[in-house]
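S.K.: If you're matching them up, the sequences are chains A and B in order.
Taking the working numbering as reference, the numbering of the first sequence is continuous, increasing by one, and the terminal residue is 329.
Taking the working numbering as reference, the numbering of the second sequence is continuous, increasing by one, and the terminal residue is 658.
Protein chains: 2
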Amino acid sequence: MNRQVTLAARPEGEPAESDFALVESEVPEPGAGEVLVRAHYLSVDPYQRGRMSEARSYAAPVQLGEVMTAQAVGEVVQSADPRFSPGDTVVGQLGWQEYAVARGSTLRKFDSQPETAALHVLGTTGFTAYFGLFDVGKPLPGETVVVSAAAGAVGQIVGQLAKIAGCRAVGIAGGPEKCAELKERFGFDAAVDYKADGFSAALKEACPDGVDVYFDNVGGGVSAAVVGRLNVGGRIAVCGQISMYNDPTGAPPMPGGFGFLIVFRARAEGFLVTDYLPRFPEAERRLSRWLADGALRYEETITEGIENAPKAFIGLFRGANRGKALVRV
Amino acid sequence: MNRQVTLAARPEGEPAESDFALVESEVPEPGAGEVLVRAHYLSVDPYQRGRMSEARSYAAPVQLGEVMTAQAVGEVVQSADPRFSPGDTVVGQLGWQEYAVARGSTLRKFDSQPETAALHVLGTTGFTAYFGLFDVGKPLPGETVVVSAAAGAVGQIVGQLAKIAGCRAVGIAGGPEKCAELKERFGFDAAVDYKADGFSAALKEACPDGVDVYFDNVGGGVSAAVVGRLNVGGRIAVCGQISMYNDPTGAPPMPGGFGFLIVFRARAEGFLVTDYLPRFPEAERRLSRWLADGALRYEETITEGIENAPKAFIGLFRGANRGKALVRV
């Protein structure tokens, strides 16, 4: 049998475990051009919150009763696509389920170790950091790069890539432990605790030369503080707005609206990693090299059991994870 | 004697006439390299609101008791700069006063007719439209360009430049008269009244192919409606946020913060026309040609008497002007 986590209800505000259902179905058979994959690890990511709402954003919502959309890495069990053989490790949009059938053309073969890296540093979170920082943020050596949700899967990579680019890397994270780890383990020049009193003053102190690139994962009040410290010509790579996903109108308005963009002649630009699909091999090649030579590290927060995927997902909105949040099937 | 309008008090919210004072002083003498100019027309512009507040934005504030900063056009009365002779028409940052002494290097000689054009279509408002639309907005033929405050000095030019660029030009303005004029006199394809019921629906109807470029002069709720209709790859040229100048936190928050930039992979970029100073001759040359061949029209709202400059300025925030608001000295 195939255990699956489906969307049972559309959440109002923060998702609850009751918005999901654990169901069983037959293990499917692959048709021509298709591959049956047994999942080893499932991904939980903030973007999945958008798929739970009825409104279409940049992709269609998950329907009630459908398997939750997610990336997963696993092994090929049966293949009707000549490019894949049983035992191959593959990654794809396989959903929160133990077994998935997918068209071979949507799968990426993954030969590196560990296989979990396919879901983070050598997968879409790593690619998100890579394209968002380099293509959208365009940092120059000596500039200051600030990243929010810095202890998260994307944020940890962004700060390290900023160091590789010769920049000052400043992370924003919740709590002293996360902040200490960013500096000690991941080489950030400074880390600022947004939950602590005096956040704004600490941010100012951490950015003595202002902010040239802001890689924004959170939105809301944290972002309002950062954009006030932009330098002329500053760039904001808008990757996520997790603080607002459960309550889009809950944040206070940005004082003066877009006025700060005029004051600082700044650019705010949103991006989706999937738009960079043709360049994924470039990102994977470079990230692999930095990983191999020790310039890049990663961290995983692994939850055991597919039945706990909803819990792991909900934890993202509470800052429960460090680095990439994964579910071991 | 020289009549001057000075800043008497820092306004809270909307400026009042009591925030200004009409004073008299001696007509100044030009020193070496300086020029004495008698003003014919003074400019009133939304950016002056920012100079009235204590906080520095991109330029230093006007101090209490100082002459209000403003562009003006007038004639040279006395010159200690060999490049200028009495009778020359010049434009510069001369302030709200009848006579001003300025360094010759800060003045631009103006030979076209009428001289008021130096303060609008062939001056910074025209240049703002030109660089904001072409350099920041980067419209392509067939795209839809939306401009807010379309009946204002910058907005009227933006829409006409969009037509010259082969785009669909959609203006947003307050009231049916302004909207009718945009279509009938200035060639906009559509005009939407933001004060009317059903604004959002009318905007949607006016932009059947979505919005590729949004030239934003206003911010607030009008901008929130426009950005919801962006196409993938849309661009926002952030020129002004007049709806928020008197009450920076008064507008409702943008739902989802910067989330729309992600959904539409859009770019919002602020600019200041003064950054384009080296390219002003390029803009003046092209705008002059379009003006001469009838592709470009302008409108002026002229207030008589320097003593009425504050009233003309306050009118900007109430939509009292059409086209460029000027004060005849």
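Glycine included, each C-beta is placed from N, C-alpha and C at the ideal position.
Mind pulling the chain A residues with CB within less than 9 angstroms of Val-483(B)?
M.R.: Chain A residues near Val-483(B): none, gap ~13 angstroms exceeds 9 angstroms.
S.K.: Counting C-beta neighbours from all protein chains within 10 Å, is the total for Thr-144(A) 16 or more, i.e. buried, or is it exposed?
M.R.: Flag for Thr-144(A) reads buried.
S.K.: Starting from the C-beta of Leu-511(B), find all residues in its chain whose C-beta is less than 7 angstroms away, skip the five residues before and the five after it, and write them out in chain order.
M.R.: Excluding sequence neighbours, Leu-511(B) sits near Ala-479, Ala-480, Gly-488, Gly-500, Ala-502, Phe-517 and Ala-520.
S.K.: Within this structure, are the beta carbons of Tyr-574(B) and Arg-385(B) separated by less than 8 angstroms?
M.R.: Going by C-beta atoms, Tyr-574(B) is not nearer than 8 angstroms to Arg-385(B).
S.K.: Asp-216(A): buried (16+ other C-beta within 10 angstroms of its C-beta) or exposed?
M.R.: Label assigned to Asp-216(A): buried.
S.K.: From Pro-46(A) to Ser-477(B), what does the alpha carbon distance come to, in whole angstroms?
M.R.: Roughly 34 angstroms separates the two Cα atoms.
S.K.: Beta-carbon within less than 6 angstroms of Arg-497(B)'s beta-carbon, same chain only, minus the 5 sequence neighbours each way: which residues are those?
M.R.: For Arg-497(B), where only same-chain residues beyond five positions count, the Cβ hits under 6 angstroms are Thr-473 and Asp-518.
S.K.: Determine whether the beta carbon atoms of Gln-400(B) and Thr-445(B) lie at a separation below 8 angstroms.
M.R.: Cβ atoms of Gln-400(B) and Thr-445(B): not closer than 8 angstroms.
S.K.: Could you check whether the segment 100 to 111 of chain A touches the segment 25 to 38 of chain A, counting it as contact only if at least three pairs of C-beta atoms, one from each stretch, sit closer than 8 angstroms?
M.R.: Yes, they touch.
S.K.: Would you kindly work out how many angstroms separate the C-alpha atoms of Val-601(B) and Ser-79(A), rounded to a whole number?
M.R.: Residue identity differs from the one stated: residue 601(B) is Leu in this sequence, not Val. In a straight line, the C-alpha of Leu-601(B) is about 59 angstroms away from that of Ser-79(A).
S.K.: Any idea if Val-37(A) is buried or exposed, counting beta-carbon neighbours within 10 angstroms, 16 or more meaning buried?
M.R.: Looking at its Cβ environment, which holds 16 or more other Cβ atoms inside 10 Å, Val-37(A) is buried.
S.K.: Under the DSSP definition of a beta bridge, which residues are partnered with Asn-231(A)?
M.R.: None, per the DSSP bridge assignment.
S.K.: Could you tell me whether the Cβ of Met-381(B) comes closer than 8 angstroms to any Cβ of chain A?
M.R.: Chain A contact via Cβ: absent.
S.K.: Report the residue ranges of all beta strand (DSSP E) runs contained in full by the segment 484 to 572 of chain B; include only those spanning at least 3 residues, in chain order.
M.R.: You should have 497 to 502, 519 to 522, 540 to 545 and 559 to 567.
S.K.: Please confirm whether Val-547(B) and Ser-572(B) have their CB atoms less than 8 angstroms apart.
M.R.: A contact, by the Cβ cut-off of 8 angstroms.
S.K.: Below 8 angstroms on the Cβ atoms is my guess for Ala-638(B) versus Val-420(B); work out the distance and round it to an integer in Å.
M.R.: In fact, because the Cβ distance is near 17 angstroms, the residues do not count as touching under 8 angstroms.
S.K.: Let me make sure I understand the geometry here. Which of Phe-609(B), Ile-493(B) and Leu-448(B) has the alpha-carbon closest to that of Pro-470(B)?
M.R.: Checking every option, the nearest Cα to that of Pro-470(B) belongs to Ile-493(B).
S.K.: Closest to Val-551(B) by CA distance: which of Val-475(B), Arg-608(B), Asp-541(B) and Ile-486(B) is it?
M.R.: When only C-alpha atoms are compared, the closest one is Val-475(B).
S.K.: Given Gly-569(B), which residues of its chain have a CB within under 8 angstroms of its CB, disregarding the five upstream and five downstream residues?
M.R.: Taken in chain order, the residues that qualify are Pro-375, Tyr-376, Ala-478, Val-483, Asp-545, Asn-546, Val-547 and Gly-548.
S.K.: Consult DSSP for Thr-435(B) and reduce its assignment to one of helix, strand or coil.
M.R.: Three-state result, Thr-435(B): helix.
S.K.: Run the CB neighbour count on Gly-394(B), radius 10 Å, all protein chains shown included, and call it buried at 16 or more, exposed below.
M.R.: When all chains shown are included, Gly-394(B) counts as exposed.
S.K.: Could you have a look at Phe-127(A) and say whether DSSP puts it in helix, strand or coil?
M.R.: Helix, per DSSP.
S.K.: Shorter than 8 angstroms from the beta carbon of Ile-591(B) to some beta carbon of chain A?
M.R.: Yes, contact with chain A.
S.K.: Once you ignore the five residues that flank Val-227(A) on each side, which residues in its own chain have a CB closer than 6 angstroms to its CB?
M.R.: So the qualifying residues of the chain are Phe-260.
S.K.: Taking only beta-carbon atoms, is Glu-567(B) less than 8 angstroms away from chain A?
M.R.: Sequence inspection shows Val at residue 567(B); the Glu mentioned does not correspond to that position. For Val-567(B), the answer is yes, since a Cβ of chain A falls inside 8 angstroms of its Cβ.
S.K.: For Asp-212(A), count neighbouring Cβ atoms within 10 angstroms of its own Cβ and tell me buried if that reaches 16, exposed if not.
M.R.: So Asp-212(A) ends up on the buried side.
S.K.: List the residues of chain A whose Cβ lies closer than 9 angstroms to the Cβ of Leu-559(B), in chain order.
M.R.: In chain order: nothing, as chain A lies at least about 10 angstroms away.
S.K.: Can you tell which of Phe-609(B), Pro-582(B) and Val-567(B) has its C-alpha closest to the C-alpha of Ala-595(B)?
M.R.: Here the closest residue by C-alpha is Val-567(B).
S.K.: Should Ala-266(A) be counted as a contact of the ligand ADP given a C-beta to heavy atom distance under 7 angstroms?
M.R.: With respect to the ligand ADP, the structure shown offers nothing to examine, as it has no ligands at all.
S.K.: Got a sec? Which residues, its chain only, sit under 8 angstroms from Pro-344(B) by beta carbon, not counting five neighbours each side?
M.R.: Contacts found: Arg-378, Met-381, Asn-575, Pro-639, Phe-642, Ile-643 and Phe-646.
S.K.: In terms of residues, what are the limits of the alpha helix (DSSP H) holding Lys-324(A)?
M.R.: Careful: Lys-324(A) lies outside any alpha helix (DSSP H), inside the beta strand (DSSP E) at 324 to 328.
S.K.: Using a Cβ-Cβ cut-off of less than 9 angstroms, give me the residues of the segment 569 to 586 of chain B that come near chain A, in sequence order.
M.R.: Here the close residues are Gly-569, Gln-570, Ser-572, Met-573, Tyr-574, Pro-577, Thr-578, Gly-579, Ala-580, Pro-581, Pro-582, Met-583, Pro-584, Gly-585 and Gly-586.
S.K.: Establish whether the CB of Glu-269(A) and some CB of chain B are separated by less than 8 angstroms.
M.R.: It does; some Cβ of chain B falls within 8 angstroms.
S.K.: According to DSSP, which residues form a beta bridge with Gln-97(A)?
M.R.: Answer is Gln-4(A).
S.K.: Indicate whether at least one CB of chain A lies closer than 8 angstroms to the CB of Leu-423(B).
M.R.: Not one chain A Cβ lies under 8 angstroms of Leu-423(B).
S.K.: Name the residues in the segment 370 to 397 of chain B whose C-beta lies less than 7 angstroms from a C-beta of chain A; which are they?
M.R.: So the list reads Ser-386 and Tyr-387, given in the order they occur along the chain.
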